[in-house]
Amino acid sequence: MIKPHLLSYTSEEIASLLSDLKQPKFRAKQLVDWIFIKRAASWEEMRNIPKELRAQLSDKYTLRGLTPGEHKISADGLTEKWLFETEDQHGVEAVLIRDKKLSRRTVCISSSLGCRLGCVFCASAQGPFIRDLTAGEMVEEVAQVEALSGEGATNVVFMGTGEPFLNYDEVLLAARRINAADGFGIGARHITISTVGVIPGIELFAAEPEDFRLAVSLHAPNQAAREKIVPAAKKWELGRLLSVLRRYTRATRREVTFEYILIDGFNAHPNDAILLAENLSGIPCKINCIPYNPIPGSEWRPPEARTCREFVAILEDRGLRATLRAEKGSDISAACGQLRAYRLLKNSQEAKRHNDKGKK
Ligand code: SF4
């Protein structure tokens, strides 16, 4: 049983829970200060809160529920990845990605343990779906990465394991706590939610008052190819997705970021770029093209660098804003769900070795 997580509470909710415990009003300010300003990671640190109250609170609420485990740093030192263990002993990962000037520090967080959607290029799809993360656990991913790296996040992206729009309420609550002035204070324009194209989620998101950003993982220029790589595209088909995104950009006056993984011999032909450009015309957007970072057991490979550059050039020639991004931290398995997938793979190989020994 997972206890309510205090990182998902607003100042008013903390004041209300303390008033239920018959505490004086000033305690709320003290507690909010410890949780969100000083970022206390343990109850013991809260020296001006009476011991009995700390014991009462720790019985009912979680302050930190993630235990840091495996940690990797990319060769260029710009990308770091942590695997955390949840209170119910599952792995969840978060990544810190710095730009070269070290002025932009993006924390990429997961929204569930495993993923329901099974995209074939994705490491997160290799293990079973276990459960959605709570808003508090997602906010804690940011808190833990900041504490472990000693650096404040400038941006947060919901782009790790999980489809955020299948955990809509908790993801929005987490984004609001990360954004709130009495939370982590990161501007809404610096918080991006990335979907593989869950149309009902995009429609709800269009009506949210905050200026959060939307990214869509497209990865294919037409319905047939998209269905092969993103099984959820059968339900939320490309034509309808693009119409909903046209409406979204008109209603919100915000552009959409498209993510497009370039896979050799599958979606990186010049004709694919031409079709993609036709499909996206009229949608205010930018397109991030990312050479594929192979996952364990996959036969797919990234295209040659020249092919990737040509793909981007075709999009640009047609008036689209496109960039070719190196997969950040590919040497530390930083792509979506990879560290967790390697752990699952290692565990299953160890279990197999153990069983084989038992049979001998
Ligand atoms: S790409 Fe996203 S939606 Fe698809 S399996 Fe991976 S985590 Fe899930």
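Numbers 26 to 385, taken from our numbering, label the letters of the sequence shown in order.
Heads up, the beta-carbon is just placed ideally off N, CA and C, and yes, glycines get one too.
Bridge partners of residue i, per DSSP?
i, result
"Val167", "Answer by DSSP bridge pairing: none, since Val167 is not bridged."
"His30", "Thr87"
"Lys97", "Lys106"
"Cys310", "Val281"
"Pro256", "Partner(s): none; Pro256 has no beta bridge."
"Ser67", "According to DSSP, which records beta bridges pairwise, Ser67 is partnered with nothing at all."
"Pro316", "Leu287"
"Leu182", "Reading the sequence as shown, one finds Val at residue 182 and not Leu. In DSSP, Val182 forms a bridge with Cys133, Thr217."
"Val337", "Looking at the DSSP assignment, Val337 forms no beta bridge with any residue, so it has no partner."
"Ala347", "Ile312"
"Leu138", "Arg156"
"Thr92", "Glu110"
By the 10 Å Cβ neighbour count, where 16 or more other Cβ atoms means buried, how is residue i classified, buried or exposed?
i, result
"Glu9", "The requested residue 9 is not part of the displayed model; the chain covers only 26 to 385."
"Arg72", "exposed"
"Lys385", "Caution applies to Lys385, whose pLDDT of 45 falls short of 50 and renders its modelled position unreliable; the value that the coordinates give is listed next. Exposed: under 16 other Cβ atoms inside 10 Å."
"Gln48", "buried"
"Gly208", "buried"
"Gln151", "buried"
"Ile254", "buried"
"Pro328", "buried"
"Glu118", "buried"
"Asn192", "buried"
"Ile203", "buried"
"Ala366", "Per-residue confidence for Ala366 stands at a pLDDT of 48, beneath the threshold of 50, marking its modelled position as unreliable; the derived number appears in the next sentence. Flag for Ala366 reads buried."
"Asn296", "exposed"
"Gly222", "buried"
"Arg251", "buried"
Tell me which residues share the same chain as residue i and place their Cβ nearer than 8 angstroms to its Cβ, disregarding the 5 neighbours each side in the sequence.
i, result
"Val196", "Ser136, Ala160, Met163, Phe183, Pro189, Phe190, Ile218"
"Ala65", "Trp59, Met71, Leu88"
"Ser83", "Trp68"
"Arg350", "Asn313, Cys314, Ile315"
"Thr179", "Ser128, Arg129, Arg130, Thr131, Ile211, His215"
"Arg141", "Phe154, Glu188, Leu191"
Looking only at its own chain, which residues have a Cβ that is under 6 angstroms from the Cβ of residue i, when we skip the five neighbours before and after it?
i, result
"Cys133", "Val120, Val182, Met184, Gly185"
"Arg52", "Leu43"
"Arg20", "No answer is possible for residue 20: the residues shown for the chain start at 26 and end at 385."
"Val269", "Ile224, Ile227"
"Ile39", "Ala53, Leu56, Val57"
"Pro29", "Tyr86"
"Leu108", "Gly94, Glu95, Gly116, Glu118, Leu364"
"Ala386", "Any property of residue 386 remains undetermined from this structure, which presents the chain solely from 26 to 385."
"Gln169", "Leu91"
Take residue i and list the residues in its own chain whose beta-carbon comes closer than 7 angstroms to its own, dropping the five residues that flank it on each side.
i, result
"Ser174", "Glu105, Leu121"
"Gly307", "Arg271"
Give the DSSP-derived three-state secondary structure of residue i in the structure shown.
i, result
"Gly116", "strand"
"Ala250", "helix"
"Thr111", "coil"
"Ser242", "strand"
"Leu46", "coil"
"Thr35", "coil"
"Arg272", "helix"
"Arg123", "strand"
"Ser41", "helix"
"Asp236", "coil"
"Asp58", "helix"
Within the chosen definition, does the stretch 326-341 reach the stretch 277-294 through at least 3 CB pairs nearer than 8 angstroms? Touching, per the Cβ criterion.
May I ask you to verify whether the stretch 265-278 touches the stretch 226-234, counting CB pairs closer than 8 angstroms and requiring at least 3? Because the criterion of three Cβ pairs below 8 angstroms is met, the stretch 265-278 and the stretch 226-234 touch.
Quick one: any contact between the stretch 336-346 and the stretch 301-320, if contact means 3 or more CB pairs under 8 angstroms? The stretch 336-346, when compared against the stretch 301-320, does touch it at the 8 angstroms Cβ threshold.
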